[in-house]
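Report on the structure given below.
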Amino acid sequence: MKCPYCEKEMREGYLYGSKDGAFSFSNEIPGVFSNAKNEEGFIQITKLKAGHRISVKAYVCEECKKVIFDY
Numbered sequence: 001m002k003c004p005y006c007e008k009e010m011r012e013g014y015l016y017g018s019k020d021g022a023f024s025f026s027n028e029i030p031g032v033f034s035n036a037k038n039e040e041g042f043i044q045i046t047k048l049k050a051g052h053r054i055s056v057k058a059y060v061c062e063e064c065k066k067v068i069f070d071y
């Protein structure tokens with residue numbers, strides 16, 4: 001895949017996190033005691049997988065430091 005920013009070839013791999021987590025997106029980072037699902041603009045990127053490493057297929061451009069993935 002070509003990087004849409006610099007046109008160089010991107011490397012295919014996985015974006016992953018530690019065990020017992022999930023990737024989410026929102027307009028602001030929720031507080032420690034907040035339910036992230038209640039945050040404005042919340043989008044669930046990956047589901048919670050208790051006891052398992054979470055991951056999503058991704059492409060990285062090491063030139064412009066961008067990561068692209070579908071959810």
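Counting from 1, one number per residue, gives the positions in the sequence shown under UniProt numbering.
Built from N, CA and C at the ideal position, the CB exists for glycine as well.
Please read all numbers here as calculations on a predicted model, not as lab measurements.
Cβ-based neighbour list, residue i, same chain, cut-off 6 Å, excluding 5 preceding and 5 following
i	result
K8	E63
E12	Y59
E28	none
Buried or exposed (CB count within 10 angstroms, at least 16 for buried), residue i
i	result
residue 76	Outside the displayed span of the chain (1 to 71) sits residue 76, for which this structure offers no information.
M10	buried
I54	buried
Spatial neighbours of residue i in its chain, beta-carbon cut-off 7 Å, leaving aside the 5 residues before and after
i	result
K66	C3, Y5
K47	A22
Residues sharing a beta bridge with residue i, DSSP
i	result
L15	V56
Nearest residue (CA-CA) to residue i, options the options
i	options	result
G21	I68, Y71, Q44, D70	Q44
S26	V56, G41, K49	G41
Proximity of residue i and residue j at Cβ, strictly below 8 Å
i	j	result
F33	V56	no
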